[in-house]
Amino acid sequence: MNKTPSVLGSHESQYTFYLPNAPILPKNWHHTQADAIPSLISLNGNHWRKIVTIMAKIMCPLEDWKTYRDNDLLKKAESIYIGAKTLSPQAQVHIISGQTAAERLALDVKKFQSINEKSVLKTFQSHLIVPYLDYRQYPNTLIAVTRDYLTTL
């Protein structure tokens, strides 16, 4: 098994998710493989299944997020930066998952404004600070708010 690189997905993706911790990757894993996401889930279990499922629900252009997750996620539009201290220079939208990822990026969170009544999602230009990608912190109602917001960018 290989140690995870700092970027999963296309280096030229439009949307970059920033996460604090890396998954374990199968040997010779690459995001363009047909079974890239299913093999990542198989090796890492429920925790990473939740992460990639929430990503797919946010990014899926249709309601069939399961097919999107298993076949398209990380192949074109999205990437994951793990433990990043700088933002992706290619991404047009930056989705920062959790306080740890935001702190590593040294973002001036005072510039961010809440986009919902619970003040969970915060935005500044094309930067969005969201809860960690786990259903307890990021339920479907909040995923819907995120998807709606992304359509305005």
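Taking the numbering used here, the leading residue of the sequence shown gets 916, the next gets one more, and so forth.
Cβ atoms here follow ideal geometry from the backbone N, Cα and C, with glycine treated the same way.
These numbers were taken from a predicted model, which means no experiment stands behind them.
Cα separation between residue 917 and residue 943?
-> Note that residue 917 scores a pLDDT of 48, beneath 50, so its modelled location is shaky and nothing firm can be said.
How would you label residue 1102, buried or exposed, when you count the other beta carbons within 10 angstroms and need 16 or more for buried?
-> Summary: the structure shown does not reach residue 1102, with the chain confined to residues 916 through 1068, and so no result is reported for it.
Distance CB(residue 1058)-CB(residue 973) smaller than 8 Å = yes
8 Å contact criterion, which residue 930 and residue 1016 should meet: CB distance rounded | Not really, about 15 Å apart at Cβ, beyond 8 Å.
CB contact check: residue 987 to chain D, cutoff 8 Å = Note that chain D does not occur in the displayed structure, where there is just one protein chain.
Counted within 10 angstroms of its Cβ, other Cβ atoms place residue 977 as buried (16 or more) or exposed = Exposed, by the Cβ-count rule.
So residue 1018 is in the alpha helix (DSSP H); what residue range does that whole segment cover?
-> 1013-1019
Euclidean distance between Cα positions of residue 927 and residue 998 = 18 Å
Are there 16 or more other CB atoms within 10 angstroms of the CB of residue 945, so buried, or fewer, so exposed?
-> exposed
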